[in-house]
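Using our numbering, the letters of the sequence shown map in sequence onto residues 33 to 203. All C-beta atoms, glycine included, are put in the ideal place defined by N, C-alpha and C.
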Amino acid sequence: MAKGEVVSNKQVIFRDYITGFPKEKDLILSTGTIHLKVPEVSNAVVVKNLYLSCDPYMRFCMQGEANISDSPSYIPGSVINWFGVAKVLDFGHPNFKEGDFIWGKTRWEEYGLITTPETIFKIEHTDVPLSYYTGLLGATGSHASRKFYPCGHVVVANDNATDFFVHMLLE
Numbered sequence: 033m034a035k036g037e038v039v040s041n042k043q044v045i046f047r048d049y050i051t052g053f054p055k056e057k058d059l060i061l062s063t064g065t066i067h068l069k070v071p072e073v074s075n076a077v078v079v080k081n082l083y084l085s086c087d088p089y090m091r092f093c094m095q096g097e098a099n100i101s102d103s104p105s106y107i108p109g110s111v112i113n114w115f116g117v118a119k120v121l122d123f124g125h126p127n128f129k130e131g132d133f134i135w136g137k138t139r140w141e142e143y144g145l146i147t148t149p150e151t152i153f154k155i156e157h158t159d160v161p162l163s164y165y166t167g168l169l170g171a172t173g174s175h176a177s178r179k180f181y182p183c184g185h186v187v188v189a190n191d192n193a194t195d196f197f198v199h200m201l202l203e
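Shown next, in the form of structure tokens:
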């Protein structure tokens, strides 16, 4: 795929505010197009989304009850905006280059134009599965670890070759 090409872009659209738990009918799968080039004189980043996070807090955003300033309620009729892992295809921001892996706020779509690069972070450690950055190593995991440390310290242990567990030692 050539830089600057216009490609098909599948998106997940939030239909309307919900009561209870979200259902398939609350989302719309839509296909549009996107230009895979950052606009001139822009700090934006064009990405190919690889993994998208689906967290319990999103339910509050879908109910119109979100109360965190940087994660407001979703707007009916717009693409869902949440955390994900992506690969940089084009960039206008000096901290990123083509081929970098990033995690942070993105939209639920195949390709995206991120116009707020302060909401994304370059992945420096690629020796773990990139999908971990949507959970344990991403926003959810960092939020959880901030809650653990005030009441103890966290020990990550490996009890066999296929499992690991986190144990919190209370002080």
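List the endpoints of the continuous beta strand (DSSP E) containing residue i.
i	result
F153	I152 to K154
F128	Premise fails: F128 is in no beta strand (DSSP E) and is neither H nor E.
V117	N113 to F123
V78	V77 to L84
G144	Y143 to I146
Take the Cβ of residue i as the centre, count every other Cβ of all protein chains shown within 10 Å, and call the residue buried at 16 or more, exposed below.
i	result
T166	buried
D136	According to the sequence as given, residue 136 is Gly; it is not Asp. Looking at its Cβ environment, which holds 16 or more other Cβ atoms inside 10 Å, G136 is buried.
S40	exposed
V70	buried
F15	Residue 15 lies beyond the stretch modelled for the chain, which goes from 33 to 203, so this question has no answer here.
S62	exposed
I134	buried
P88	exposed
Can you tell me whether DSSP reads residue i as helix, strand or coil?
i	result
R47	coil
R68	It should be noted that the sequence gives Leu, not Arg, for residue 68. Note: L68 maps to coil in three-state DSSP.
D58	helix
S105	coil
T158	coil
S163	helix
S177	Any reading at S177 is ruled out, since the residue's pLDDT is 48, under 50, leaving its predicted position unreliable.
Starting from residue i, trace the alpha helix (DSSP H) in both directions and tell me its first and last residue.
i	result
F133	Looking at the DSSP string, F133 is not in any alpha helix (DSSP H); the run it does join, the beta strand (DSSP E), is F133 to R139.
F53	No alpha helix (DSSP H) holds F53; DSSP gives it neither H nor E.
Assuming residue i contacts residue j (C-beta within less than 8 Å), just tell me the rounded distance between them.
i	j	result
G116	L68	No, G116 and L68 are not in contact; Cβ-Cβ is about 17 Å, not under 8 Å.
K119	L82	6 Å
Y106	F46	4 Å
**Message:** Between the segment 97 to 117 and the segment 138 to 147, can you find at least three pairs of beta-carbon atoms closer than 8 Å?
**Reply:** yes
**Inter-stretch contact (C-beta, 8 Å, three-pair minimum) for the segment 143 to 161 and the segment 94 to 101** = no
**Prompt:** Within the chosen definition, does the segment 49 to 63 reach the segment 75 to 82 through at least 3 CB pairs nearer than 8 Å?
**Reply:** no
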